[in-house]
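Order-wise, the sequence lines are chains G and C. Taking my numbering, the leading residue of the first sequence gets 1, the next gets one more, and so forth. Taking my numbering, the leading residue of the second sequence gets 1, the next gets one more, and so forth. Beta carbons are placed, not taken as given, at the ideal position from N, Cα and C, and that holds for glycine. Okay, so here's the structure we're looking at.
Protein chains: 2
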Amino acid sequence: MSKVQSLRVIRSVAEMVKYRRQLASAGKRLGLVPTMGYLHQGHTSLVKLLHGKCEVIAASIFVNPMQFGPKEDFTHYPRDMARDVQLLAEAGCELVFNPSAGDMYPNGFQTALEVAELSQPLCGRFRSGHFRGVATVVLKLFNVTGCSVAAFGLKDYQQSVVIKQMVCDLNLDVDLVFGQTVREADGLAMSSRNSYLSPEERQWARLIPQTLMWAREAVAAGQVNAGRLKTEVEARLSSDPGLKVQYVEVVYPETLIPVEVIAPSAVLAVAVFAGKTRLIDNVLLEAPLETSGRA
Amino acid sequence: MSKVQSLRVIRSVAEMVKYRRQLASAGKRLGLVPTMGYLHQGHTSLVKLLHGKCEVIAASIFVNPMQFGPKEDFTHYPRDMARDVQLLAEAGCELVFNPSAGDMYPNGFQTALEVAELSQPLCGRFRSGHFRGVATVVLKLFNVTGCSVAAFGLKDYQQSVVIKQMVCDLNLDVDLVFGQTVREADGLAMSSRNSYLSPEERQWARLIPQTLMWAREAVAAGQVNAGRLKTEVEARLSSDPGLKVQYVEVVYPETLIPVEVIAPSAVLAVAVFAGKTRLIDNVLLEAPLETSGRA
Numbered sequence: 001m002s003k004v005q006s007l008r009v010i011r012s013v014a015e016m017v018k019y020r021r022q023l024a025s026a027g028k029r030l031g032l033v034p035t036m037g038y039l040h041q042g043h044t045s046l047v048k049l050l051h052g053k054c055e056v057i058a059a060s061i062f063v064n065p066m067q068f069g070p071k072e073d074f075t076h077y078p079r080d081m082a083r084d085v086q087l088l089a090e091a092g093c094e095l096v097f098n099p100s101a102g103d104m105y106p107n108g109f110q111t112a113l114e115v116a117e118l119s120q121p122l123c124g125r126f127r128s129g130h131f132r133g134v135a136t137v138v139l140k141l142f143n144v145t146g147c148s149v150a151a152f153g154l155k156d157y158q159q160s161v162v163i164k165q166m167v168c169d170l171n172l173d174v175d176l177v178f179g180q181t182v183r184e185a186d187g188l189a190m191s192s193r194n195s196y197l198s199p200e201e202r203q204w205a206r207l208i209p210q211t212l213m214w215a216r217e218a219v220a221a222g223q224v225n226a227g228r229l230k231t232e233v234e235a236r237l238s239s240d241p242g243l244k245v246q247y248v249e250v251v252y253p254e255t256l257i258p259v260e261v262i263a264p265s266a267v268l269a270v271a272v273f274a275g276k277t278r279l280i281d282n283v284l285l286e287a288p289l290e291t292s293g294r295a
Numbered sequence: 001m002s003k004v005q006s007l008r009v010i011r012s013v014a015e016m017v018k019y020r021r022q023l024a025s026a027g028k029r030l031g032l033v034p035t036m037g038y039l040h041q042g043h044t045s046l047v048k049l050l051h052g053k054c055e056v057i058a059a060s061i062f063v064n065p066m067q068f069g070p071k072e073d074f075t076h077y078p079r080d081m082a083r084d085v086q087l088l089a090e091a092g093c094e095l096v097f098n099p100s101a102g103d104m105y106p107n108g109f110q111t112a113l114e115v116a117e118l119s120q121p122l123c124g125r126f127r128s129g130h131f132r133g134v135a136t137v138v139l140k141l142f143n144v145t146g147c148s149v150a151a152f153g154l155k156d157y158q159q160s161v162v163i164k165q166m167v168c169d170l171n172l173d174v175d176l177v178f179g180q181t182v183r184e185a186d187g188l189a190m191s192s193r194n195s196y197l198s199p200e201e202r203q204w205a206r207l208i209p210q211t212l213m214w215a216r217e218a219v220a221a222g223q224v225n226a227g228r229l230k231t232e233v234e235a236r237l238s239s240d241p242g243l244k245v246q247y248v249e250v251v252y253p254e255t256l257i258p259v260e261v262i263a264p265s266a267v268l269a270v271a272v273f274a275g276k277t278r279l280i281d282n283v284l285l286e287a288p289l290e291t292s293g294r295a
């Protein structure tokens with residue numbers, strides 16, 4: 001396939017910097033989709049989002065050790081570079097940046113970025129240091145690639161908010177675009193970690209998007225009491241003995257602070273274990289106009 | 001003076017970003033001397049260091065609240081913008097970036113940069129959060145101004161090492177140049193904070209550079225035992241009842257880890273109070289060749 005042949009893979013920071021300078025000299029803007037590989041349609045939808053926003057579309061593939069906790073799945077995280085390159089080329093990506101961990105974090109590396117308040121709640125409560133690792137690697141990827149625009153998926157909702165704040169606080173010259181969560185036919189949010197699920201766990205996991213959709217409809221129908229909604233969501237998710245809820249939160253979309261009354265909108269975010277696999281998902285809740293405080 | 005008239009002062013982040021983009025479009029590089037104002041020859045020597053390294057030389061004047069502790073001298077830090085602009089213009093600086101604190105740290109600001117190991121020793125032991133504030137504001141200033149090169153003084157030795165590490169760790173595309181400490185006729189390192197000193201304290205303070213020069217000569221003459229050197233330096237500084245030693249350390253120049261035997265070189269760094277004024281200074285120690293381990 002001709003598109004595959006035109007995709008360039010860069011494996012070192014030095015080579016990427018060289019290429020970035022060539023692009024800058026030519027006045028060409030680079031758009032970046034940062035990924036950890038093992039790609040799915042969620043990622044390729046982000047590549048497509050960048051069409052028309054830059055002259056060169058790039059994806060980075062880097063399983064970032066800094067964003068994994070010591071007991072998390074860094075070593076087992078799925079990898080399939082050949083398939084990833086194929087998928088990216090088909091989506092219209094022209095460049096893959098795939099550095100080594102030693103090149104990104106050489107001996108003596110000791111700098112970390114902290115986005116304080118937004119890193120604390122939700123996943124931050126259970127994944128200490130995770131968003132520090134995310135923010136740091138994203139800043140490095142922005143700097144190494146010199147991207148003018150970058151795309152992230154809203155499935156990792158807290159990540160999207162953390163990165164937006166970082167870009168604002170550090171005066172970074174990078175436009176952000178966010179892609180809607182892409183879902184399987186039965187609603188499960190696409191995730192590289194879905195590959196961990198056994199057929200049985202995969203069945204259980206369907207209850208996660210079903211419950212989020214139920215909640216979305218309940219709120220649209222007038223259930224704007226966040227506490228009651230949380231209780232009901234937890235009960236529904238816990239009704240399947242194969243699932244174990246880590247958290248259910250209803251938060252303000254910008255600040256991630258817990259909401260009491262949903263008006264006009266809030267984000268329902270959940271983390272749920274299906275067996276040993278931790279899955280996250282979220283949905284925007286919108287109160288009906290008459291209870292939104294705007295009526 | 002015509003140079004004064006040609007100096008442009010930019011007071012907002014938005015205007016600086018606009019100007020940065022104009023420079024970039026014109027293919028012009030900007031060189032930056034980040035300062036907190038109340039300038040002296042140490043600062044103007046840094047402006048001069050940038051001649052020939054960029055098309056536009058800029059200085060920032062920003063007393064950065066984030067790098068001051070709650071009990072430190074942020075509110076009393078000396079300010080004299082008119083004189084600063086005059087000195088900068090005379091040194092060949094063409095642009096002053098002088099933003100407000102509210103523009104640099106708007107409501108909701110929550111991002112901080114941490115250069116872990118290098119921020120801990122020396123001043124870091126006594127100024128908790130200081131280097132986090134320094135690293136964060138320097139990164140912001142780099143991003144806002146889009147500088148290609150930046151100059152820092154070696155009088156703030158630990159700061160120079162922290163910034164060097166940050167630039168490396170974050171893959172920043174900024175060349176760093178470092179200027180030697182500029183001293184008064186009697187050896188005292190120039191510092192905006194020298195303005196705090198009473199005539200009597202100013203006399204006491206002479207002992208600081210005298211002691212550092214003594215140490216430099218002692219090491220050159222063969223005193224390579226860092227522990228004994230430290231003891232002697234502390235004793236000499238403490239011989240004046242007007243001075244109070246905060247720390248005396250002999251460290252590796254790159255890592256700031258304490259040295260036991262000076263071979264081939266080390267940095268002697270001190271912080272000393274003259275009255276209520278905290279002064280820092282440092283000197284490079286070089287062992288004689290026959291004891292340097294290279295002979």
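For residue i, which residues in the same chain have their Cβ closer than 6 Å to its Cβ, ignoring the five residues on either side in sequence?
| i | result |
| --- | --- |
| Y196(G) | T277 |
| E320(C) | For residue 320(C) there is no data in the structure shown, the boundaries of chain C being 1 and 295. |
According to DSSP, is residue i part of a helix, a strand, or is it coil?
| i | result |
| --- | --- |
| T75(G) | coil |
| A287(C) | coil |
| L243(G) | strand |
| G31(C) | strand |
| S148(G) | coil |
| N225(C) | strand |
| V272(G) | strand |
| E217(C) | helix |
| L279(G) | strand |
| S265(C) | strand |
| V17(G) | helix |
| I257(G) | coil |
| S26(C) | Sequence check: residue 26(C) is Ala here, not Ser. DSSP places A26(C) in coil when its eight states are reduced to three. |
| R206(C) | coil |
| K3(G) | Per-residue confidence for K3(G) stands at a pLDDT of 45, beneath the threshold of 50, marking its modelled position as unreliable; no derived number is given. |
| Y196(G) | helix |
| A42(C) | One point to set straight first is that residue 42(C) is Gly, not Ala, in the sequence displayed. G42(C) falls in the helix class under three-state DSSP. |
| L172(C) | coil |
| G37(C) | coil |
| S191(C) | coil |
Suppose the cutoff is 7 Å on Cβ atoms and the five residues either side in sequence are ignored; what does the same chain contact list for residue i look like?
| i | result |
| --- | --- |
| L154(G) | S160, F178, G179, Q180 and T181 |
| A101(C) | P65 |
| P78(C) | Y38, S192 and S195 |
| E234(C) | V245 and V248 |
| A220(G) | E286 and P288 |
| K140(C) | M104 |
| W204(G) | D240, G242, L243 and A274 |
| A218(G) | L229 |
| P45(G) | Rather than Pro, the amino acid found at residue 45(G) in this sequence is Ser. Excluding residues within five positions, the ones whose Cβ falls inside 7 Å are G179 and V182. |
| A215(C) | L229, V233, L268, V283 and L285 |
| S198(C) | G275 |
| V224(C) | V261, I262, A263, A287 and T291 |
Give me, in chain order, the residues of the same chain whose beta-carbon lies closer than 8 Å to that of residue i; leave out the 5 immediate sequence neighbours on both sides.
| i | result |
| --- | --- |
| A226(G) | V250, P258, V259, E260, V261, I262 and A266 |
| R125(C) | Y247 |
| V13(C) | P99, D103, M104 and V144 |
| G31(G) | L50, K53, C54, V56, I57, A58, C147, S148, V149, A150 and A151 |
| D169(C) | V115 |
| Q165(G) | V115 and L118 |
| L237(G) | L207, I208, T211, L243, V245, V248, V270 and V272 |
| K48(C) | A91 and G92 |
Per DSSP, which residues does residue i bridge with? Please list them.
| i | result |
| --- | --- |
| F178(G) | F152(G) |
| V167(C) | Note: V167(C) sits in no beta bridge, so no partner. |
| R8(G) | L95(G) |
| A185(G) | In DSSP, A185(G) forms no bridge with anything. |
| E249(G) | A269(G) |
Practice task
Could I get the ranges of all uninterrupted beta strand (DSSP E) runs contained in the region 44-131 of chain G, with 3 residues as the minimum, in chain order?
Solution key: 56-61, 95-97 and 111-115
Exercise for the section: Check whether the region 82-95 of chain G touches the region 50-61 of chain G, taking contact to mean three or more Cβ pairs, one atom from each stretch, closer than 8 Å. Expected result: yes
Problem - Residues of the region 101-115 of chain C whose Cβ lies closer than 9 Å to any Cβ of chain B, in chain order - result: The structure shown contains no chain B; its protein chains are G and C.
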